[in-house]
Amino acid sequence: MSQHATTKPPTGTARAAHGWPHALAAVLGGLVAMVVTAALGLWAAGAADLPDGAFVQVLAATVVMAVGGSIEIAGEAGAIAEADAALTAVPLSVTVAGALAVAAGFLRPLRHRAVASAPELAGWALRLAALWLLALIGLAALARHTFTIPIEDPTGGLIEDLLDATPRVGFRTEVPQTLVIAMLWLFGVLALALLVSRGAPLPAGLLRFQEAVRPAAYAMVALLLAALAIGVVIGLVVAATRGHPADTLAVILLGLPNLMWLALTTGLGTAWEGRVQGPFGLPMPRLLDEVLRTEDISALDLGTLTERDGRAWWLLVVAALLVLASAVLMAVRSPARMRPFEHALHMAVALALTVPSACLLVRLSAHFGLSLLGIGDLGGDLGGEVFLRPYLLQAVGIGAGWGLVAGFIGGLIASRLHRRGEVPAPQ
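If you count the sequence shown from 1, position 331 lands on 338 in our numbering, and the numbers rise without skipping.
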């Protein structure tokens, strides 16, 4: 009797008490990963020299934006002039660093188990969410500042001196919207972690879906991370051979996924529309800036890139190899009894979701303008915009098409490979 009592599983209260330190470690790990990545990236970009000691506030805003938070930008320029500004972008390097750290912390206490009840997983996720919410409230309160913008006045000083219209732009977090989106981001990361990890437990009712879902989810994450690995190698080579290493490091630490997932989706055939105007520009490569810096809205696709630089066709080659490798990986991790057409269907669904999702994360929009008496932008160096938008429906179709072909070929290749744990047929 006493021996049986010692092996009895812990009660819900004991398990919850044991889970809070792990939840705190997971949340702190994610925050530290994001803060360090963002701080190094901003430092490399020169943000350490921001006036009024605004580095900390900009750092907090960067982390908030990395989890999908909303930053409101407002400006004014005296009694009769108005500064208008807007920014929509996600520093995806910071996002990926935080997501990987939070996912690792979430999965660590769940190792070496085959099944976990839905209430247990929900309770574990809610503990993380409670601590995550407190952290986001603190970051949102810190992410606010106002800058005075020095300008070259085309009116000979009339705007600044006579009309007292020096532009000032400030930013602050839209707290309710940020908290909602950041919580959805957290639950999305936790759900994806459960889907990707082969060793993570699932509720008994969901076990029948894992053979179809988990290999595909793992392959998609591997596809996106492989593109980032290629980007890191390219970035380090560029930093070592072409100068300006700090600028390149800033791109790697703040926006590498933005560039590499744009390259991946464009290589697969996704089309974009965009424009670069005024003092704004895309950090790298210069080819993007050249294609988009036109009077009207420009089309960005593999064709327009190749017109300016024939080497852009390598995007198609690299994207095709990465997708095929991910299809083989998915098939190898799937049960050996699955047929190639089943792999094709699974890969089609996975890529049809992944390609437009990556496009949504990569899109960006920025605008700044100074208007006088409500009459438009004053032009010159006082205003500009940059935006990049994908054709999402096309991205869904392209993902599905590539998935069907790559999944079928990957299934055929995997059928000739020895799987782990597979017993060879007797001769």
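All C-beta atoms in this analysis are idealised placements derived from N, C-alpha and C, irrespective of residue type, glycine included.
Check whether residue i and residue j have beta carbons under 7 Å apart
| i | j | result |
| --- | --- | --- |
| Ala108 | Gly48 | no |
| Gly404 | Met354 | no |
| Val356 | Thr272 | no |
| Ala150 | Val71 | yes |
| Leu395 | Arg423 | no |
| Thr180 | Ala147 | yes |
| Ala306 | Leu275 | no |
| Thr185 | Ala104 | no |
| Ser456 | Leu230 | With the chain covering only 8 through 434, there is no way to say anything about residue 456. |
| Gly281 | Leu299 | yes |
| Pro98 | Leu243 | no |
| Leu336 | Ala236 | no |
| Gly206 | Arg118 | yes |
| Ala402 | Thr277 | yes |
| His350 | Ala338 | yes |
| Trp234 | Met190 | A quick correction: the sequence has Ala, not Trp, at residue 234. Result no, Cβ atoms of Ala234 and Met190 do not sit closer than 7 Å. |
| Thr313 | Trp320 | yes |
| Ile188 | Gly75 | yes |
| Ala110 | Ala200 | yes |
Reduced DSSP secondary structure (H/G/I, E/B, other) of residue i
| i | result |
| --- | --- |
| Leu134 | It is Arg, not Leu, that sits at residue 134 in the sequence shown. Three-state result, Arg134: helix. |
| Gly75 | coil |
| His251 | coil |
| Leu419 | helix |
| Leu99 | helix |
| Glu181 | coil |
| Arg282 | strand |
| Thr277 | coil |
| Thr301 | coil |
| Pro28 | helix |
| Arg118 | coil |
| Leu107 | helix |
| Pro126 | helix |
| Leu307 | strand |
| Leu263 | helix |
| Ala150 | coil |
| Leu140 | helix |
Spatial neighbours of residue i in its chain, beta-carbon cut-off 8 Å, leaving aside the 5 residues before and after
| i | result |
| --- | --- |
| Ala142 | Val34, Leu38 |
| Ala73 | Met41, Ala45, Val97, Pro98, Leu99, Val101, Thr102, Gly105 |
| Leu263 | Leu99, Ser100, Leu235, Gly238, Val239, Gly242 |
Close-in-space but distant-in-sequence residues of the same chain around residue i (CB under 6 Å, 5 per side omitted)
| i | result |
| --- | --- |
| Val330 | Trp409, Ala413 |
| Leu197 | Phe113, Ala132 |
| Ala61 | His152 |
| Val182 | Ala147 |
Spatial neighbours of residue i in its chain, beta-carbon cut-off 7 Å, leaving aside the 5 residues before and after
| i | result |
| --- | --- |
| Leu202 | Val220, Arg221, Ala224 |
| Ala211 | Val122 |
| Trp27 | Arg134 |
| Ala246 | Pro252, Thr255, Leu256 |
| Leu57 | Val65 |
| Arg120 | Pro208 |
Minimum C-alpha distance to residue i - residue among the options
| i | options | result |
| --- | --- | --- |
| Ile241 | Leu230, Arg215, Glu218, Ala270 | Ala270 |
| Ala343 | Val393, Ile420, Leu328, Ala306 | Ile420 |
| Ile416 | Glu302, Val228, Phe348, Glu314 | Phe348 |
| Ala68 | Met41, Arg300, Ala51, Val245 | Met41 |
| Leu322 | Leu358, Gly238, Gly391 | Gly238 |
| Gly391 | Ser372, Gln284, Arg318 | Gln284 |
| Leu400 | Phe62, His374, Leu367, Phe216 | Leu367 |
| Gly406 | Asn265, Ser372, Ser364, Ala373 | Ser364 |
| Phe194 | Ala278, His350, Gly130, Ser77 | Gly130 |
| Ser204 | Val187, Ala278, Val228 | Val228 |
| Trp279 | Ile304, Leu294, Pro264, Pro292 | Ile304 |
| Arg346 | Ile259, Ala207, Glu218 | Glu218 |
| Arg115 | Ile80, Ile144, Trp139, Pro208 | Pro208 |
| Arg215 | Glu297, Ala30, Ser341, Ile78 | Ser341 |
| Arg315 | Leu294, Thr301, Ala110 | Leu294 |
| Thr95 | Glu127, Leu213, Leu31, Asn265 | Asn265 |
| Ser372 | Leu232, Pro292, Ile78 | Ile78 |
7 Å Cβ cutoff, residue i in contact with chain B
| i | result |
| --- | --- |
| Gly317 | No chain B appears in this structure, which consists of one protein chain only. |
Starting from the N-terminal side, write out each stretch of the alpha helix (DSSP H) that is 4 residues or longer and does not extend beyond the region 312-370.
-> 321-340, 347-369
Note down, one range per segment and in chain order, each alpha helix (DSSP H) of at least 4 residues found wholly within the region 33-82.
-> 62-73
Can you give, in chain order, each stretch of the alpha helix (DSSP H) that sits fully within the region 199-252 and has at least 4 residues?
-> 217-248
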